[in-house]
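J.:
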Amino acid sequence: MASSSDDDMPISKARKNGVNGTSAPPVSSAKIPSSLDRQMDKTLPTNGEIQPGISIRNGPLTEDVEMKDTNGSAAPAKRKVSRPSYAEEESSDDDKPIIKKRKTQPETAVESDSDVPLAKSKPNGKVAKKPPRASNQQIGEDSDSDVPIQKKLIHEKQKIEAKAEKDAQKIRKADKPKKVKKEESSDDDKPLKKTKPAPAAKAKTKVKVESPAPKKAAGKKAAVKKEETEDPEEDDEDEGTNWWDDPTKGDGTNKWETLQHSGVVFPPPYQPLPKNVKLKYDGIPLTLHPDAEEVAGFFGGMLNSTHNVENPTFQKNFFNDFKEILKKTGGAKGPNGEKVDVKDFKKCDFKPIFDHYDAERAAKKALPAAEKKKLKAEKDAAEAPYMYCTWDGKKQKVGNFRVEPPGLFRGRGEHPKTGHVKTRVPPEQITLNIGKEATVPAPPEGHKWKEIKHDKQGTWLAMWQENINGNYKYVMLAANSDVKGQSDYKKFEKARELKKHIDKIRKDYRKNLKAEMMADRQKATAMYFIDQFALRAGNEKGDDEAETVGCCSLKYEHITLKEPNKVIFDFLGKDSIRFHEEFDVDQQVFKNLKIFKKAPKGEGDDIFDRLTTTQLNNHLKNYMPGLTAKVFRTYNASYTMATLLKDMKAEGTHAEKVKAYNDANRKVAILCNHKRTVAASHENTMEKLSERIKAVKYQQWRLKHMILDLDPKQKKKKGAEWFELPDDMDEEWVKEHQAFLVEEAKNKITKKFEKDNEKLKAEGEKEMKHKELEERLEAAKELEKKYKKENKTKKVEAEGKSITVEKLEENIKKFDQRIENMTVQAEDKESNKEVALGTSKINYIDPRLTVVFTKKFNVPIEKFFSKTLREKFEWAIKSVEEDWEF
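Position 517, counted from 1, in the sequence shown is what the numbering used here calls 629; the numbers after and before it change by one each time, with no gaps.
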């Protein structure tokens, strides 16, 4: 990532006050008086065992709500919460690409059915009937259970944690070297077998790569025979290529010895607007310096992005920057050269600029396919030298070699700096990292690089500082490179290592929830939140984030306490996304929070005023090297998924098996509190999917009526009900859908005609005349006539050569399977509306667990990982078999 770690920064209040290196004095006392402890105990119903809950609400509030807030005193205070709606984006992990995070959509469970047309939306505003909602079993509840799902999942969470603590003890016991008595060894004079050096992970948890053959009896001989006949040179080459065969490789200080690359690609220079296209101010067309005109074009070009340009903060920040650039470049001039004072944003008319850029976009989109292909080939040829570097003699793909173009900063969520101008980055601001013996790429003519470095400990190729937040942007290797793969591998191996120590950590923080020293009790309570509720530690901000909040930087106003043991969190978390959740907590934790909020603390004061992220992470390193707070998110998600996979019995079609995996993934997200706000587009997506299912049902219904056309006696044999129109559609819908099918047929014919003409033109042949298109469109007209006849006669004539009742029945069965697959997909999407499955699958659940699932239940890996992800997780796909354990 481009941003540097903030672990060494002082606590939030110090940051707010602009203090560097020192923290504001704590408000709370160093020790908690025993009298206060006893007084608080009297107000608690119980002080029993820890029973952390699962979030019971999610998403932004749509109206003001009144809550009782226990602020460390007997009298509850009222707090009114009214917040704007924050962006409904998924929160991503720390492994974001350098410049822009690529949006990763969750992999769909079944084929897309993109060939099935969608019906037009109903003009009367009716909402299509939604597919059935997810069943109780999908989220871990038996259909006949009387136990509320909330309590059932909490109980399951406790069982998984208890198992984790037992597993930790077993692993440590197994890792202890056994004492061997000398007199018991009768083979002391025999030479020992030559063994391979042990990898970093213990024998029980190391990556299995020596024998990739499955443990099936029938396949054993074949596997052995294949190993014997393989070319030994091929084996040597594989050993050198697959870094995961030797997990210890790359653990040294230097990340490379030789490095050669071509630098970076700069955005094209600004092309001034035509003289007739101008920004208008109070109706007056303005003449601007090219630098100011470019900035005006940033805003004008994105008028269609109403989410941004109608945002008051975006408008204010842009206009302030625009006035500054006007001031620097001599201001704006009217038609006669007179100066125009631009001081009111509302008088600015950017529409002429938008129309110009919109026309350019439309023209580019309308280019013939051959022209588009040619332009793409030229672009690819120009960028080819930058796409790869040579890293220790091996060709590696570069992740993002393009320097960000200038524009308007958008940010994530409700970012306070949204709308500010991102300035153009010249070569003079860019530092390259390259080998000493390598040829330094030449900068653009008339320019020079800021600096050339030979940092062998760094994995970056180039870097520069952006002007909005002052963060550094880095050019790194691609996600599927060895370096990135090793980074992912180490991340998940660290989570596996935590498995050995989790019992000690939990035992210690549970004990310290009652510690006498305030610092110890705050540390234990923060650990409780991080482990049980997946809160981020805090002070770990990304490139373009605002002053966001994590566990250690929580303030007085971010937590509301409701008797007897509910805690409501409400703050802007990572990516400025609102975290607004309600949890049941252990009574001791509730009591601690009352103490932490006790007067003289008030709004703006830190809850954990005697704790910083650095102190917390330093404490965790006492349990295992390299352990930080963020490892708990990965561990909890991966361990929970591994536990669920052990008991899973996925059966049926691939779609049903994929759904079983997604159900487990969903349960992980709920148990680990990895949830998201329901997307605004969700209802529209579900409606489209419902229409698609209805379209398939309509095709099936026509096939059934074709059977009646061939054999009318089938009505009596199968029953009249079998031939009736499905319940979720009526004659009005059928007519609308038929009209849609006719229109779609016309569009397909027209596009095919245009494509054929483009091909003829490219080959230098004579293009077809419009008359040919009219003749082709006759097929669509015939379709329209056929539908009209069917609606009038209530009969569907059989279509196709040598069609029989048996063939039609076979096709109807295929449609049944298709409808079932699509319904499963719809249920999956509906169940996932509050759960970011893609985020947890890619960032938190060890990808080797997904590979284990695919091999155990014989499901193609393509159902879970796109091509990009298969490249990213090649190490996981090739290094484990179905018996691998997290």
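Glycine is no exception: its CB is placed at the ideal position from the N, C-alpha and C atoms. Given the structure is predicted, the values throughout are model-derived calculations rather than measurements.
1) So what's THR543 in DSSP terms, helix, strand or just coil?
2) Does PHE683 come out as helix, strand or coil in the three-state DSSP assignment?
3) For LEU520 versus PHE410, is the C-beta spacing smaller than 8 Å?
4) Using beta-carbon positions only, say whether LEU895 and ALA851 come within less than 8 Å of one another.
5) Out of curiosity, what's the CA-to-CA distance linking LEU684 and LYS278?
6) Excluding five sequence neighbours on each side, which residues of the same chain lie with their C-beta closer than 7 Å to the C-beta of GLU495?
7) Roughly how far, in whole angstroms, is the beta-carbon of LYS967 from the beta-carbon of GLU993, given that I think they are within contact range, below 8 Å?
8) Could you check the C-alpha separation between TRP987 and LYS867 for me, to the nearest Å?
9) Does the Cβ of GLY413 have 16 or more other Cβ atoms within 10 Å, making it buried, or fewer, making it exposed?
10) Within 10 angstroms of its Cβ, does ILE564 collect 16 or more other Cβ (buried), or is it exposed?
11) Excluding the 5 residues flanking PHE691 on each side, which residues of the same chain have their C-beta closer than 7 Å to its C-beta?
12) Rounded to a whole number of angstroms, what is the C-alpha to C-alpha distance between LYS154 and GLU983?
13) Can you tell me the Cβ-Cβ gap for TYR500 and LYS509, rounded? I've got them flagged as a contact below 8 Å.
14) Taking contact to mean at least 3 C-beta pairs separated by less than 8 Å, is the region 775-782 in contact with the region 952-970?
15) How about LEU591 and GLY511: do their beta carbons lie closer than 8 Å?
16) Does the region 732-748 come within contact of the region 635-643, defined as at least 3 CB pairs closer than 8 Å?
17) Out of curiosity, what's the CA-to-CA distance linking LYS459 and GLU669?
18) How about LEU757 and ALA638: do their beta carbons lie closer than 8 Å?
19) May I ask which residues mark the beginning and end of the beta strand (DSSP E) holding ALA550?
20) Quick check: what's the CA-CA separation for PRO528 versus LYS463?
21) Per DSSP, which residues does ILE396 bridge with? Please list them.
22) In this structure, how does DSSP classify ILE564 when only helix, strand and coil are distinguished?
23) Pop quiz: LEU801 and ALA938 are said to be a contact at Cβ under 8 Å. What is the actual Cβ separation, rounded to whole angstroms?
24) Specify the secondary structure class of VAL510 as computed by DSSP and reduced to three states.
25) Do ILE396 and GLY446 count as a contact pair if the criterion is CB distance below 8 Å?
26) Compare the Cα-Cα distances from ALA554 to each of ASP567, GLU540 and HIS566 and report the closest residue.
27) Quick check on the burial criterion: 16 or more other C-beta atoms within 10 angstroms. Buried or exposed for MET629?
28) Could you give the distance in angstroms between the alpha-carbon of ASP821 and the alpha-carbon of PHE927?
29) Out of curiosity, what's the CA-to-CA distance linking ILE617 and ALA627?
30) The alpha helix (DSSP H) spanning GLU887 covers which residue range?
31) Using a threshold of 8 Å, state whether the C-beta atoms of ASP403 and ILE437 are closer than that.
32) According to the neighbour-count rule (16 or more other Cβ atoms, all chains shown, within 10 Å of its Cβ), is THR746 buried or exposed?
33) Which full runs of the alpha helix (DSSP H) of 4+ residues lie inside the region 430-485, going along the chain?
34) Please classify SER141 as buried or exposed, where buried requires at least 16 neighbouring CB atoms within 10 angstroms.
35) Let me confirm a value: ASN774 is counted as buried when at least 16 other C-beta atoms fall within 10 Å, else exposed. Which label applies?
36) Please identify the residue among LYS761, VAL917, ALA807 and LYS900 whose C-alpha is closest to the C-alpha of LYS829.
T.: Reading from the atomic positions:
1) The count along the sequence shown starts at 1 and reaches residue 543 at position 431. DSSP, reduced to helix, strand and coil, places THR543 within a strand of the structure shown.
2) As a working note, residue 683 is residue 571 in the sequence shown. Strand, per DSSP.
3) Against the sequence shown, residue 520 aligns to sequence position 408. Against the sequence shown, residue 410 aligns to sequence position 298. Yes, they are a contact pair.
4) As a working mapping, residue 895 is identified with position 783 in the sequence shown. As a working mapping, residue 851 is identified with position 739 in the sequence shown. Contact: no.
5) As a working note, residue 684 is residue 572 in the sequence shown. As a working note, residue 278 is residue 166 in the sequence shown. In this structure, the straight-line span from the alpha carbon of LEU684 to that of LYS278 is close to 36 Å.
6) The sequence position of residue 495 within the sequence shown is 383, counting from 1. The beta carbon of GLU495 lies closer than 7 Å to those of VAL377 in the same chain, with the five residues before and after it left out.
7) Locating residue 967 in the sequence shown gives position 855, where the first residue counts as 1. Locating residue 993 in the sequence shown gives position 881, where the first residue counts as 1. That belief holds up - the Cβ atoms of LYS967 and GLU993 are roughly 6 Å apart, short of 8 Å.
8) The residue labelled residue 987 in the question sits at position 875 within the sequence shown. The residue labelled residue 867 in the question sits at position 755 within the sequence shown. Answer to the nearest angstrom: the Cα atoms are 42 Å apart.
9) Here residue 413 corresponds to residue number 301 of the sequence shown, with the count starting at 1. Per the 10 Å Cβ criterion, buried.
10) By 1-based counting over the sequence shown, the position of residue 564 is 452. By the neighbour-count rule (16 or more Cβ atoms within 10 Å), ILE564 is not buried but exposed.
11) Position 579 of the sequence shown holds residue 691. Counting only Cβ-Cβ distances below 7 Å, and skipping sequence neighbours, we find PHE681, PHE683 and GLY685.
12) Position 42 of the sequence shown, counted from the first residue, corresponds to residue 154. Position 871 of the sequence shown, counted from the first residue, corresponds to residue 983. Those two C-alpha atoms are separated by around 59 Å.
13) The residue labelled residue 500 in the question sits at position 388 within the sequence shown. The residue labelled residue 509 in the question sits at position 397 within the sequence shown. Sure, about 6 Å apart at Cβ, within 8 Å.
14) Output reads yes: the region 952-970 touches the region 775-782.
15) Residue 591 sits at position 479 when you count from the first residue of the sequence shown. Residue 511 sits at position 399 when you count from the first residue of the sequence shown. It should be pointed out that residue 591 corresponds to Ala in this sequence rather than to Leu. Yes.
16) Yes, the region 732-748 is in contact with the region 635-643.
17) By 1-based counting over the sequence shown, the position of residue 459 is 347. By 1-based counting over the sequence shown, the position of residue 669 is 557. Using only the alpha carbons, I get a separation of about 40 Å.
18) Locating residue 757 in the sequence shown gives position 645, where the first residue counts as 1. Locating residue 638 in the sequence shown gives position 526, where the first residue counts as 1. By the CB criterion at 8 Å, LEU757 and ALA638 fall outside the cutoff.
19) On the sequence shown, position 438 is the one that residue 550 refers to. No beta strand (DSSP E) holds ALA550; DSSP gives it neither H nor E.
20) Within the sequence shown, numbered from 1, the residue matching residue 528 stands at position 416. Within the sequence shown, numbered from 1, the residue matching residue 463 stands at position 351. Whole-angstrom Cα-Cα distance: 26 Å.
21) For the purposes of this step, residue 396 is taken as the residue at position 284 of the sequence shown. The partner list for ILE396 (beta bridge, DSSP) reads TYR393.
22) Reading the sequence shown from its first residue, position 452 is the one you call residue 564. Looking at ILE564 - three-state DSSP - the assignment turns out to be strand.
23) To locate residue 801, count along the sequence shown from 1; it is residue 689. To locate residue 938, count along the sequence shown from 1; it is residue 826. Contact holds; Cβ gap of about 5 Å.
24) In the sequence shown, counting from the first residue as 1, residue 510 sits at position 398. The three-state secondary structure of VAL510, taken from DSSP, is strand.
25) Residue numbering aside, residue 446 sits at position 334 when the sequence shown is read from its first letter. Residue numbering aside, residue 396 sits at position 284 when the sequence shown is read from its first letter. In terms of Cβ geometry, GLY446 and ILE396 form a close pair [threshold 8 Å].
26) Here residue 554 corresponds to residue number 442 of the sequence shown, with the count starting at 1. For the options ASP567, GLU540 and HIS566, the alpha carbon positioned closest to that of ALA554 is the one of GLU540.
27) Position 517 of the sequence shown, counting from 1, holds the residue named residue 629. It counts as exposed.
28) Position 709 of the sequence shown, counted from the start, is the residue given in the question as residue 821. Position 815 of the sequence shown, counted from the start, is the residue given in the question as residue 927. If you take the alpha carbons of ASP821 and PHE927, they lie about 19 Å apart.
29) Taking the sequence shown and counting its residues from 1, one reaches residue 617 at position 505. Taking the sequence shown and counting its residues from 1, one reaches residue 627 at position 515. In a straight line, the C-alpha of ILE617 is about 15 Å away from that of ALA627.
30) Residue numbering aside, residue 887 sits at position 775 when the sequence shown is read from its first letter. Taken as a continuous stretch (DSSP letters only), the alpha helix (DSSP H) holding GLU887 covers 882-888.
31) On the sequence shown, residue 403 is found 291 positions in, with the first residue counted as 1. On the sequence shown, residue 437 is found 325 positions in, with the first residue counted as 1. With contacts defined by Cβ atoms closer than 8 Å, ASP403 and ILE437 form a contacting pair.
32) Within the sequence shown, the letter at position 634 stands for residue 746. It counts as buried.
33) The alpha helix (DSSP H) runs of length 4 or more contained entirely in the region 430-485 are, from start to end of the chain, 463-477.
34) Indexing the sequence shown from 1 puts residue 141 at position 29. So SER141 ends up on the exposed side.
35) Looking up residue 774 in the sequence shown gives position 662. Counting the other Cβ atoms within 10 Å of the Cβ of ASN774 gives 16 or more, which makes it buried.
36) Locating residue 829 in the sequence shown gives position 717, where the first residue counts as 1. Sorting LYS761, VAL917, ALA807 and LYS900 by C-alpha distance to the C-alpha of LYS829 places VAL917 at the top.
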